[in-house]
Ligand SMILES: Cc1ncc(COP(=O)(O)O)c(C=O)c1O
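In this note's numbering, the protein residues as written are 701 to 1112.
Set out below in structure tokens:
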């Protein structure tokens, strides 16, 4: 494959118009949208308006006049379109960690008295998922079991809750949400799915999967900005069965009645606790809109097709270059998310730093992973080609041996 072929791929790309929605420095090839999505250009003017008009002029009236109070619902309704949920089923609120706590707490409450003893998850699930699972297990007298191999085989009659991140943050392996949920249900278990690395990256259908609790991250593939709110969906067959543990006033059925007894709101509204973070939600809305802009171009199916084409091309070019890296991402595209990860035993961190110095931004995950995320809305085939040329240069010229690239930053 030569540069001409790559240019043809970009010319034929049905999603190429989406890139103009983002502000990305021209000298940067951004392969870290799986960690922090690029900035939608619309964010600046939107936030200026929210600050100067809605807050500055509207003042407290904007809770009504700008419909601030329902912003978590309105953004949630937009996210719903990306994950197969319906209107009024998704709330954009809190962080992923907090939503995980709420979902696991409710799932554990619903399993009380079942005699089930296990909260099952993956050994290399994201740490926040594991930490919160451990705490919930302690509170509810469960035991966390961490699977390393076949997850379906580990689900037994003892499993109370199956907690999985749909796309593993290290390897990029995609789990079959529908099949694993069915296996869990057959054993009487409830499922909690973390979509941090799948919402906005590939088609998700929470209803078709019949999942129980689903949550995800706003600042990765949803392009919501640093610390963007997370989102949460609870299956309608469960949402009203139990109050969530953070029983704040905005999850109350009538917050402005100011009564002192807690009566949870109906539906996903009860998953609110405190006041919505209006600036962050306004930015997140811009991010989600960049994905909804793909709807007339084929939507999440088209995003998935391009994501696989980008990751396939990246892997193929690296294979051809015969670099001393080990691919830990599945070759089988049916079980691959939208990232590609390699290991290098000694210099993974320095290689990523040397690449960043060349303008190719990926990231490092301890202890030895070089991780590259591909966001179809703003990544071109030419970006992939160029990033591999840079990686080849970093390795062949041993640029990573520069001591400046070996000192670890606090945030990797
Ligand atoms: C799989 C997964 N879950 C949860 C989180 C943490 O999300 P938050 O910072 O919103 O709590 C991350 C962050 O990278 C993640 O990758």
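Heads up, the beta-carbon is just placed ideally off N, CA and C, and yes, glycines get one too. From a predicted model like this one, the values you see are computed outputs, not experimental measurements.
{"Query": "Between which residues of its own chain and residue 949 is the CB-CB distance below 6 Å, once the five residues before and five after are set aside?", "Result": "955"}
{"Query": "Could you check where the alpha helix (DSSP H) with residue 798 kicks off and where it finishes?", "Result": "796 to 810"}
{"Query": "Using the beta-carbon count (16 or more within 10 Å), is residue 976 buried or exposed?", "Result": "buried"}
{"Query": "Residue 896: beta carbon under 6 Å from a heavy atom of ligand 1?", "Result": "yes"}
{"Query": "Along the alpha helix (DSSP H) that carries residue 743, what are the first and last residues, could you check?", "Result": "742 to 749"}
{"Query": "Less than 7 Å between the beta carbons of residue 930 and residue 942, yes or no?", "Result": "no"}
{"Query": "Let me know the secondary structure DSSP gives residue 916 once reduced to three states.", "Result": "strand"}
{"Query": "How is residue 951 classed by DSSP in three states: helix, strand or coil?", "Result": "helix"}
{"Query": "Taking 6 Å as the cut-off, does the CB of residue 917 come closer than this to any heavy atom belonging to ligand 1?", "Result": "yes"}
{"Query": "Looking at ligand 1, does it come within less than 6 Å of residue 797, judged from the CB to the closest heavy atom?", "Result": "yes"}
{"Query": "Below 7 Å CB to CB, which residues in the same chain sit around residue 766 once its five sequence neighbours on both sides are set aside?", "Result": "754 and 758"}
{"Query": "Which runs of the alpha helix (DSSP H), 4 residues or longer, sit entirely within the stretch 825 to 899?", "Result": "827 to 840, 851 to 854 and 877 to 886"}
{"Query": "Check residue 930 in the structure and name its three-state DSSP category.", "Result": "coil"}
{"Query": "Kindly indicate which residue of 822, 1017 and 1003 has the alpha-carbon position closest to the one of residue 849.", "Result": "822"}
{"Query": "Are the beta-carbon atoms of residue 1059 and residue 728 separated by less than 7 Å?", "Result": "yes"}
{"Query": "Identify the residues that DSSP records as bridge partners of residue 1042: which are they?", "Result": "1027 and 1070"}
{"Query": "Which value, in whole angstroms, describes the spacing of the CA atoms of residue 1094 and residue 1105?", "Result": "11 Å"}
{"Query": "Taking residue 1009 as the reference, which of 749, 1020, 1018 and 1038 has the closest Cα?", "Result": "1038"}
{"Query": "Is residue 817 near ligand 1, in the sense that its beta carbon is under 6 Å from a heavy atom of that ligand?", "Result": "no"}
{"Query": "Around the Cβ of residue 773, are there at least 16 other Cβ atoms within 10 angstroms (buried) or fewer (exposed)?", "Result": "buried"}
{"Query": "Quick one: give me the first and last residue of the alpha helix (DSSP H) that residue 775 is part of.", "Result": "771 to 783"}
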